[in-house]
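Engineer: Residue numbers (our numbering): 791 to 1249. Glycine included, each C-beta is placed from N, C-alpha and C at the ideal position.
(1) Would you mind reading off the limits of the alpha helix (DSSP H) that contains residue 1271?
(2) For residue 1158 versus residue 1235, is the C-beta spacing smaller than 7 angstroms?
(3) Between the Cα of residue 848 and the Cα atoms of 798, 927 and 1083, which residue gives the shortest distance?
(4) With distance defined between alpha-carbon atoms, name the residue in 1167, 1163 and 1188 nearest to residue 1204.
(5) Please work out which residues of its chain come closer than 8 angstroms, Cβ to Cβ, to residue 1154, disregarding the five sequence neighbours upstream and downstream, and give them in chain order.
(6) Would residue 1073 pass as a contact of residue 1088 if the rule is Cβ separation under 7 angstroms?
(7) Measuring CA to CA, which of 966, 795, 949 and 1225 is closest to residue 905?
(8) So the alpha helix (DSSP H) residue 1177 belongs to, where does it begin and stop?
(9) Nearest by alpha-carbon distance to residue 944: which of 1197, 839, 933 and 898 is it?
(10) Could you check which residue in 931, 1230, 941 and 963 has the C-alpha nearest to that of residue 955?
(11) Which one or two residues does DSSP pair with residue 987 in a beta bridge?
(12) Put residue 1199 into one of helix, strand or coil per three-state DSSP.
(13) What separation, rounded to the nearest whole angstrom, lies between the Cα atoms of residue 1028 and residue 1006?
(14) Considering residue 926, what are the terminal residues of the beta strand (DSSP E) in which it resides?
(15) Alpha carbons only, please: which of 1131, 1144 and 1100 is nearest the one belonging to residue 1108?
(16) Just list the residues that DSSP pairs residue 943 with in beta bridges.
(17) Contact check, residue 1085 vs residue 1105 under 8 angstroms by CB: the rounded distance?
(18) What's the gap between the Cα of residue 1116 and the Cα of residue 1243?
(19) Is residue 835 helix, strand or coil by DSSP?
(20) Beta carbon of residue 885, beta carbon of residue 925: below 7 angstroms?
What follows is the structure in structure tokens.
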């Protein structure tokens, strides 16, 4: 199910990231936190009063700075305009953040003008003309009387300002109430019983996502039917591969004319949103460049989303024989993607066609692994066999006792362990159980969830 998207926009230093973190801090955890993933929280699911939504910090999505970038006011305004246009295009609701201490600035007015035009012109969503709701957020109202300074924001013509302090949390609950009241209902996922799986092709710019997709589509063993997407969604392509009907979610061909700098962070955003609909993400990596921080970043999102992960090292044909040493690559992947040692790797060249369908074949196997079920008696026989291999965690005389386990009904393979002290189960013991579980039952290429609860709690 595609969740509504809330975008936080505004000029630098008004507190966008602080508001982003505050909203995440206000949420109730939907799943147990996954250890081992270290990254900036730029894009995340949140929940308020039973409504789930996705929130994005538009500033945080800038993953790097150009060396020749100069802090000129004109350049700043151009970038803010481009970023705001992109946010408006993607979002179901916009939080326009301003600083009550500094008051209105020229850049604030420029962004407000873009937002007003958006509200007037509307957008094409599901064939209907709609308006993107905008909430004006008067931030940094940290002291007495600060809220009075927000009166000048009325002149923007975007409605009443919501006066808050993202740093201290003042007013954040009322703001979130307003957010969920204005969100559209979630778009239900169209269930197609004929589709064996949905696969998203992800990766940073220029690694060969489009080339891989075109090579797969052009393969003589693939039968292709175009599936039109909406103006905001990646284009889907239905193919028949190895006798299975698959939906390929193309996140590569979304660059639009006239938008260059700033587009790639939203290309990434669209790719990440595509994971909401996918079973498996194929992350394409430029083998010539090596594994970059952004590659790790994207793979981390796939894992945290609870999806299957396949790594496709592209441009293999450009490497020298010495550079093609697979043992070296496996060590690099183990070191840099240590949160997903279970992810299968394909070495391909989309340009020459070398092993180009292998990632798809591997993804099919991963989809099968995601459907694997372990009967409760078999799971508990395994559990008894591994409990004696390592002491359970303990602290101050209290020791974890693992009572029994069961596999829950979930899209991501999820195992619930009933214990006496869930809070004492630390990351290393989770990793131990996950490793043993994979060795016994498989689940190659897919994320799995381990949840620890007290006896009597619902799985």
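Structural biologist: Once the coordinates are examined:
(1) This structure cannot speak to residue 1271, because the chain is shown only from 791 to 1249.
(2) The sequence position of residue 1158 within the chain shown is 368, counting from 1. The sequence position of residue 1235 within the chain shown is 445, counting from 1. No; because the gap between Cβ atoms is not below 7 angstroms, this pair is not in contact.
(3) Position 58 of the chain shown, counted from the start, is the residue given in the question as residue 848. Nearest to residue 848 by alpha-carbon distance, out of 798, 927 and 1083, is 798.
(4) For this step, residue 1204 is matched to residue 414 along the chain shown. Nearest to residue 1204 by alpha-carbon distance, out of 1167, 1163 and 1188, is 1163.
(5) As a position in the chain shown, residue 1154 is number 364, starting the count at 1. Cβ within range, chain order: 986, 987, 1031, 1032, 1034 and 1036.
(6) Here residue 1073 refers to the residue found at position 283 of the chain shown. Here residue 1088 refers to the residue found at position 298 of the chain shown. The Cβ-Cβ distance between residue 1073 and residue 1088 falls below 7 angstroms.
(7) What you label residue 905 is simply residue 115 of the chain shown in a count that begins at 1. Closest option to residue 905, Cα to Cα, is 949.
(8) Working through the chain shown from its first residue, we reach residue 1177 at position 387. Counting along the chain, residue 1177 sits inside the alpha helix (DSSP H) bounded by residues 1166-1177.
(9) Taking the first residue of the chain shown as position 1, residue 944 is located at position 154. Nearest Cα to residue 944 within the set 1197, 839, 933 and 898: 898.
(10) The residue given as residue 955 occupies position 165 in the chain shown. Per the C-alpha coordinates, the member of 931, 1230, 941 and 963 positioned closest to residue 955 is 931.
(11) Along the chain shown, read from residue 1 onward, the residue named residue 987 stands at position 197. The bridge partners DSSP lists for residue 987 are 1036.
(12) Here residue 1199 refers to the residue found at position 409 of the chain shown. Note: residue 1199 maps to coil in three-state DSSP.
(13) Translated into the one-based positions of the chain shown, residue 1028 becomes position 238. Translated into the one-based positions of the chain shown, residue 1006 becomes position 216. Taken atom to atom, the span from the alpha-carbon of residue 1028 to that of residue 1006 is near 12 angstroms.
(14) Looking up residue 926 in the chain shown gives position 136. Counting along the chain, residue 926 sits inside the beta strand (DSSP E) bounded by residues 924-929.
(15) Locating residue 1108 in the chain shown gives position 318, counting from the first residue. The candidate whose alpha carbon is nearest that of residue 1108 is 1144.
(16) Numbered from its first residue, the chain shown carries residue 943 at position 153. DSSP output for residue 943 lists no bridge partner at all.
(17) The count along the chain shown starts at 1 and reaches residue 1085 at position 295. The count along the chain shown starts at 1 and reaches residue 1105 at position 315. Rounded, the Cβ-Cβ distance is 13 angstroms, inconsistent with contact.
(18) Within the chain shown, residue 1116 is the residue found at index 326, counting from 1. Within the chain shown, residue 1243 is the residue found at index 453, counting from 1. Going by the C-alpha atoms only, they are around 41 angstroms apart.
(19) For this step, residue 835 is matched to residue 45 along the chain shown. Assigned with DSSP and collapsed to three states, residue 835 falls in strand.
(20) For this step, residue 885 is matched to residue 95 along the chain shown. For this step, residue 925 is matched to residue 135 along the chain shown. Going by C-beta atoms, residue 885 is nearer than 7 angstroms to residue 925.
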